[in-house]
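Asker: Sharing a structure, written as structure tokens. Questions coming.
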Amino acid sequence: MLIVACQVCGSVRILPGTPDSDGMARATWICESCGTGQVLQLSVSADARGGDLRRILGGMAFACSEDPVRVN
């Protein structure tokens, strides 16, 4: 799983995928928000396969530009 963001509008997306044997993760996608084609290649220093997803994402937070949704 790769967590990526659009380089133009910042829209976050989660893509399926794993790093290659050389430790490089490569992904291409089209942003659903602004329509910009994205190409990404980055070195992955640690592989979290088999890890607890709740622990991995526990410290992440995403900014909201609109009013937050209220749950009653």
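Offset between the sequence shown (1-based) and my numbering: plus 189. Ideal Cβ positions, reconstructed from N, Cα and C, are used throughout, including at glycine.
Report the rounded CA-to-CA distance for residue 213 versus residue 223, giving the unit in angstroms.
Answerer: The residue you call residue 213 lines up with position 24 of the sequence shown. The residue you call residue 223 lines up with position 34 of the sequence shown. Taking the straight line joining both Cα atoms gives about 26 Å.
Asker: Can you name, in chain order, every residue of its own chain whose Cβ lies under 7 Å from the Cβ of residue 216, other than the five neighbours on each side?
Answerer: Position 27 of the sequence shown, counted from the start, is the residue given in the question as residue 216. Only 191, 193, 204, 206 and 229 meet the Cβ criterion.
Asker: Excluding five sequence neighbours on each side, which residues of the same chain lie with their C-beta closer than 6 Å to the C-beta of residue 198?
Answerer: For the purposes of this step, residue 198 is identified with residue 9 of the sequence shown, where counting begins at 1. Once the five neighbours on either side are set aside, the close Cβ partners of residue 198 are 222 and 223.
Asker: Could you tell me the boundaries of the beta strand (DSSP E) in which residue 193 lies?
Answerer: The residue labelled residue 193 in the question sits at position 4 within the sequence shown. It spans 191-194 - the beta strand (DSSP E) in which residue 193 sits, taken as one unbroken run.
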